[in-house]
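To start, the structure itself, in structure tokens.
Residue numbers (our numbering): 62 to 332.
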């Protein structure tokens, strides 16, 4: 099931009850699925392992656009997720201020020192720090937020049963208990390359602004930056040396109009 097919069901039946009463061949005809896809969907819909009670036992909250708990910021992006799986404090989704922090998986000492200098004053003002639990900058932002007793949201590119990368297992469990983990993918969904750009649109969509510390010229962080611009979010970057490959992407964004961050005040100021 893709989100486009989910939208197709919604147009036919806003209650989403119809698919549960269709046979596999009828699902194939209604949703233009191949027979084996329709068979898989039929089994998925009638599985006893995917009931709300089963998710509740795993401390997983399910949020949809039909619920008041669904984050308001996501309602207004181009393709809001139909389902969000959450572990932890969902109250963080409704915080007044939020800042996404993303960057390279191979940060330099300059990038880490900049985070240490710039983020604490932002957190002191009650801003929730959002990132993607990736290696490098993401993990550093989460760990700094935890250490400084701030509030963190991690948006994942896979289901909760597949912690990726494995090196962040301890961080995953800490965030799920004391902060918040989010994913639009069912818990048993393994990580796949195409899922991470989808994750990035949620990171930017939940945020008032996106701060990119370091990024190479073809970094995935640039995808987040351009998605943020499409969503009407501010994009802010850490200026870097012209000799550093890890600043090539951020310097290019700054050349294209992204706001340079010279102090913590530049992150606090919405402009």
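In this text, a Cβ means the ideal position worked out from N, Cα and C, and glycines have one as well. Note that the coordinates shown come from a computational prediction; the quantities given were computed from them, not determined experimentally.
Quick check: the Cα distance between residue i and residue j, rounded to an integer number of angstroms?
i: residue 288; j: residue 298; result: 15 Å
i: residue 324; j: residue 115; result: 46 Å
i: residue 75; j: residue 82; result: 15 Å
i: residue 105; j: residue 77; result: 14 Å
i: residue 69; j: residue 120; result: 30 Å
i: residue 80; j: residue 157; result: 38 Å
i: residue 207; j: residue 73; result: 45 Å
i: residue 134; j: residue 186; result: 20 Å
Find the nearest neighbour of residue i within the set the options, judged by alpha-carbon distance.
i: residue 308; options: 143, 78, 175; result: 175
i: residue 310; options: 322, 83, 247, 274; result: 274
i: residue 235; options: 252, 245, 257, 194; result: 194
i: residue 141; options: 282, 181, 260, 272; result: 260
i: residue 213; options: 95, 163, 153; result: 153
i: residue 293; options: 279, 271, 277; result: 271
i: residue 132; options: 255, 268, 162; result: 268
Give me, in chain order, the residues of the same chain whose beta-carbon lies closer than 7 Å to that of residue i; leave out the 5 immediate sequence neighbours on both sides.
i: residue 211; result: 184, 190
i: residue 222; result: 248, 249
Between residue i and the rest of its own chain, which residues show a CB-CB distance below 8 Å, the 5 nearest in sequence each way excluded?
i: residue 320; result: 295, 296, 297, 298, 327, 332
i: residue 151; result: 122, 124, 130, 241
i: residue 217; result: 193, 194, 225, 242, 243, 244, 246, 260
i: residue 149; result: 236, 237, 238, 239, 240, 241, 242
DSSP has residue i in a bridge; who is on the other side?
i: residue 123; result: 146
i: residue 273; result: 163, 298
i: residue 321; result: 298
i: residue 244; result: 146
If you drop the 5 nearest sequence neighbours on each side, which residues of the same chain put their C-beta closer than 6 Å to that of residue i?
i: residue 178; result: none
i: residue 181; result: 209
i: residue 99; result: 85, 88, 89
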